[in-house]
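Each residue of the sequence shown is one higher than the last, beginning at 28 in the working numbering.
From the three backbone atoms N, C-alpha and C, an ideal C-beta is built for every residue, glycine too.
It should be emphasised that the depicted structure is a prediction, and the values quoted were computed from it without experimental measurement.
The structure appears right after this line, and notes come after that.
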Amino acid sequence: MKCCLLITATVAVATGAHGADASAVADEVRAAMKKAAQAFCDRAAAHGGYVYYYSPDFSQRWGEGVASADQIWVQEPGTPLVGRALVAAHAATGDSFYLEMAEAAAEALLYGQLESGGWTNSVDFDPKGSKVAQYRNGRGKGRNFSTLDDGITPTALRFLMELHAAQGLPKTGALAETIRTAMDALLAAQFDHGAFPQGWQGPVSGGDAAKTARYPQHDWRTEGRIKEYWDQPTLNDNTCGFVARLLIQAHAQYGDEQCRTALTKLGDFLIAAQMPSPQRGWAQQYNLDMEPIWARAFEPPAVAGRESQDVAETLMDIAVELRDARFLKPIPAALDYLRGSVLPDGQLARYYELETNTPLYMERDGKGYRLTHSDSNLPSHYGWKVENRLDALKARYDRIMARQSEPAGPPPTDAEVRALLEELNSDGLWISRYNGGMLVGQPKWPEGFEFLSSEVFAENLMKLAQYVGGKTE
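Structure representation (structure tokens):
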């Protein structure tokens, strides 16, 4: 879930003359980066890791709810995102401070690796804490469910692999061993037909590669619920996209052919999971018969607007990586279907009713939910309508078909960098103000509430690192 933040400048700092040469400007930016990183990391880190938000004086911390002094968050935008920003800052500046802070963040994740090989959404360093889990180090008892939900395990691994590369890829040591253990567990959690569950406690089996998606052979409104839906093939919240990017990075970095094989199997599953006409999209959740199924009480079997776009993007990633055009074949029909499903306001519905394609919503029914076709009384805790990304997806598909290279993202401009420096307050912090939008973790704050965001810090640091890196090449 993307968070909507209103970043407000506080105390502007002097940032030098506009006519400074490139070297002087780069030095100025490096100094601002160091000031910001020291101000944030020295006070925000707990056991080396991070949560989502902090009060400006760091006396309060929030992840999914209020966080204790011994809890850190693995789910983005938590520890892995901050860690990746620190690795990027080290690459741009060569300053060992950033590498040391990144290594501390990695140590926090190593502590929180589960016996099942992956991670859950948080790590609790208090053995009696409310979020403690069954850690490999033996220092906690609790759930042993490694999760792919919201990219938790893949994003943790991608940060650890980037740090491993920054260290020169040593083949021994705790970091290398943790990465190997986690990747082995992930690969063992892939179904035979290429899908992944939402998470795992051990190796997974099942899934017939000969089966393709079909509409439920029962009344999906009242039948076919699976209590432990998280053990079934999952596309929800871009699970397959997170896994695909991890497999691509792991193969590129380590040359592990198992990752390439797993990526191929994942692509094959996504092809098979495309719904039949007239709804050529994808569902959030499937059973092993390749039928859409219920997940949570407000997540019905349906064709999903967000996940269908995610799958189209993932299939393009796989096709480019494997240089295999067959993974592109589902995309034109999917984009045509989605184009015909756009709502009057230009968005897509999160859910489209099976077979009728009517936008499908939920409304409260006491403590539960009931299905509705009306969007007039939607619960506020969930995104019932999603961004329309069809133009961007079609443009990328056309570039791939024309064998054009992917355009690199533009580096930050001088003006953008200047704005970031001016938004940094006299203490070296970027202060955000809550504007009433939806945030990860859904904190209950009044509008105008001031806070510090790990996401804002990390993204701003990465932008400045990109700028400095470009100036010193």
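With distances taken from CA atoms, which of the options is nearest residue i?
i: residue 4; options: 329, 181, 485 and 408; result: Look at the range of the chain in this structure, 28 to 500, and you will see that residue 4 is not part of it.
i: residue 426; options: 340, 303 and 405; result: 340
i: residue 386; options: 392, 393 and 405; result: 405
i: residue 224; options: 246, 184, 176 and 415; result: 176
i: residue 95; options: 155, 64 and 382; result: 155
i: residue 104; options: 473, 478 and 466; result: 466
i: residue 483; options: 79, 58 and 343; result: 79
i: residue 68; options: 306, 125 and 447; result: 125
i: residue 266; options: 58, 123, 181 and 127; result: 181
i: residue 391; options: 452, 347, 326 and 278; result: 326
i: residue 83; options: 205, 452 and 473; result: 452
i: residue 446; options: 470, 57, 487 and 88; result: 487
i: residue 109; options: 232, 205 and 136; result: 136
i: residue 53; options: 454, 455, 448 and 130; result: 448
Using beta-carbon positions only, say whether residue i and residue j come within less than 8 angstroms of one another.
i: residue 324; j: residue 395; result: yes
i: residue 492; j: residue 132; result: no
i: residue 188; j: residue 276; result: yes
i: residue 213; j: residue 145; result: yes
i: residue 393; j: residue 337; result: no
i: residue 295; j: residue 236; result: yes
i: residue 171; j: residue 91; result: no
i: residue 494; j: residue 476; result: no
i: residue 312; j: residue 228; result: no
i: residue 273; j: residue 184; result: yes
i: residue 379; j: residue 411; result: no
i: residue 331; j: residue 240; result: no
i: residue 361; j: residue 355; result: no
Tell me the residue span of the beta strand (DSSP E) that contains residue i.
i: residue 443; result: Run containing residue 443: none in the beta strand (DSSP E); it sits in the alpha helix (DSSP H), 441-450.
i: residue 150; result: 149-151
i: residue 377; result: Careful: residue 377 lies outside any beta strand (DSSP E) and carries neither H nor E.
i: residue 88; result: 88-90
i: residue 204; result: Taken as a continuous stretch (DSSP letters only), residue 204 belongs to no beta strand (DSSP E), being part of the alpha helix (DSSP H) at 201-215.
i: residue 477; result: 477-480
According to DSSP, residue i sits in a beta bridge with which residue or residues?
i: residue 392; result: 395
i: residue 468; result: According to DSSP, which records beta bridges pairwise, residue 468 is partnered with nothing at all.
i: residue 100; result: 149
Applying the criterion that 16 or more other CB atoms from any shown protein chain within 10 Å of the CB defines a buried residue, is residue i buried or exposed?
i: residue 198; result: exposed
i: residue 319; result: buried
i: residue 485; result: buried
i: residue 261; result: buried
i: residue 366; result: exposed
i: residue 401; result: exposed
i: residue 46; result: Any answer about residue 46 is weak, because its pLDDT of 45 lies below 50 and its placement is not dependable; what the coordinates show is given next. Residue 46 is exposed by the Cβ-count criterion.
i: residue 252; result: exposed
i: residue 503; result: What the structure shows of the chain is the stretch from 28 to 500, and residue 503 is not part of that stretch, so it cannot be assessed.
i: residue 249; result: exposed
i: residue 218; result: buried
Where do the N-terminal and C-terminal ends of the alpha helix (DSSP H) with residue i fall, by residue?
i: residue 126; result: 123-138
i: residue 335; result: 332-349
i: residue 50; result: 49-71
i: residue 186; result: 179-193
i: residue 312; result: Careful: residue 312 lies outside any alpha helix (DSSP H) and carries neither H nor E.
i: residue 106; result: 106-120
i: residue 176; result: Careful: residue 176 lies outside any alpha helix (DSSP H) and carries neither H nor E.
i: residue 424; result: 417-428
Within 8 angstroms of any Cβ in chain C, is that where the Cβ of residue i sits?
i: residue 323; result: In the displayed structure, chain C is absent; only one protein chain is listed.
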